[in-house]
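A.B. asks: Submitted below is the structure of interest, expressed as structure tokens.
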Amino acid sequence: MKLAVLGGSLRRESLNRRLLEHLARSLEQRGHDLRTLSGDALRLPLFDADLPAPAEVLALRDALEGIHGLVIVSPEYNAGIPPHLKNAVDWLSTLAPNPLKGLPVLLAAASPGAFGGARALLSWRPVLANLGALALPVAITVPLADKNLDANGAPLEARAKGEIQKALASFLEWTARLRGEPHDPLPPS
Ligand SMILES: Cc1cc2nc3c(=O)[nH]c(=O)nc-3n(C[C@H](O)[C@H](O)[C@H](O)COP(=O)(O)O)c2cc1C
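Per numbering that gives the first Met the number 0, residue 0 is the first one in the sequence shown, and the count goes up by one each step.
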């Protein structure tokens with residue numbers, strides 16, 4: 000399937016970008032076609048309703064075209080969505096057609112804190128519902144991510160390893176189901 004991973008922060012050492020790269024590799028290893036949208040691809044002008052969508056936003060829209068499912072890897076800022084990611088989805092929501100509409104979305108977060116970015120993911124759910132995207136019931140959180148992710152973004156701890164494998168399997172099942180493809184039963188939650 001054609002899939003995209005979008006997120007991470009803009010800083011060079013972003014833990015969320017490391018996690019995103021690990022998730023992208025894991026999906027590629029399962030034979031899927033991956034587009035990675037992070038770093039400079041998300042360095043967009045601040046949303047201004049008086050302006051037409053800038054070239055950077057149209058490039059993001061083009062990169063999302065034709066995908067069957069999306070993984071969003073979001074840092075948590077003050078218990079919510081960081082501004083560069085909210086800015087990106089606000090721009091995308093003004094386009095016709097809105098490229099996020101109807102997409103199944105797996106939410107993921109990594110944080111050095113104890114909650115692993117869970118509160119940011121709760122903030123994403125109403126935003127995605129408003130965009131007509133389907134945030135899946137499973138999600139990935141990596142607490143203490145400065146200690147629990149290796150240099151390539153792979154989890155070091157057994158609980159996170161298991162959670163990531165289960166969440167990716169569930170994401171692929173839902174995405175195949177929504178496309179009407181043959182599928183296995185959903186893994187146990
Ligand atoms: C403005 C700001 C607010 C933050 N608020 C939270 C928070 O509410 N919860 C949390 O777990 N971490 C919070 N953090 C810490 C981030 O989780 C941490 O900096 C993390 O490494 C950011 O993701 P990144 O590594 O992908 O850049 C905040 C960081 C910043 C810069």
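All C-beta atoms in this analysis are idealised placements derived from N, C-alpha and C, irrespective of residue type, glycine included.
Just so it is clear, the structure is predicted and the values come from calculations on it, not from any experiment.
Measuring straight from C-alpha to C-alpha, what distance separates R158 and N129?
C.D. replies: Rounded to the nearest whole angstrom, the CA to CA distance from R158 to N129 is 32 Å.
A.B. asks: Could you give the C-beta distance for G152 and L18, rounded to a whole number, given that I count them as a contact under 8 Å?
C.D. replies: 5 Å
A.B. asks: Going by DSSP in three states, K100 sits in which element: helix, strand or coil?
C.D. replies: coil
A.B. asks: Since R34 sits in a beta bridge, which residues does DSSP pair it with?
C.D. replies: A3
A.B. asks: Taking 8 Å as the threshold, find out whether the segment 107 to 117 comes into contact with the segment 137 to 145 through three or more Cβ pairs.
C.D. replies: yes
A.B. asks: Checking 7 Å against the spacing of the C-beta atoms, do L50 and A87 come in under that value?
C.D. replies: For L50 and A87, no; Cβs fall outside 7 Å.
A.B. asks: Mark R176 as exposed unless 16 or more other C-beta atoms lie within 10 angstroms of its C-beta, in which case mark it buried.
C.D. replies: exposed
A.B. asks: Given a threshold of 16 other Cβ atoms within 10 Å of its Cβ, counted over all protein chains shown, does N77 qualify as buried or as exposed?
C.D. replies: exposed
A.B. asks: Does any heavy atom of ligand 1 sit closer than 6 Å to the C-beta of R42?
C.D. replies: no
A.B. asks: Decide if the segment 89 to 104 is in contact with the segment 11 to 27; the criterion is three or more beta carbon pairs, one per stretch, under 8 Å apart.
C.D. replies: no
A.B. asks: Provide the residue span of the alpha helix (DSSP H) that contains G161, from first to last.
C.D. replies: A157 to L177
A.B. asks: Rounded to whole angstroms, what is the Cα-Cα separation between V126 and L57?
C.D. replies: 20 Å
A.B. asks: Measure the C-alpha to C-alpha separation of M63 and R34 and round it to an integer number of angstroms.
C.D. replies: It is worth fixing the name first, because residue 63 is Leu in this sequence and not Met. Roughly 8 Å between the two C-alpha positions.
A.B. asks: Tell me whether S195 counts as near ligand 1, meaning its Cβ is closer than 6 Å to at least one heavy atom of that ligand.
C.D. replies: Since the first residue of the chain shown is 0 and the last is 188, residue 195 is not available in this structure.
A.B. asks: Using 7 Å as the threshold, is the C-beta distance between A109 and L14 below it?
C.D. replies: yes
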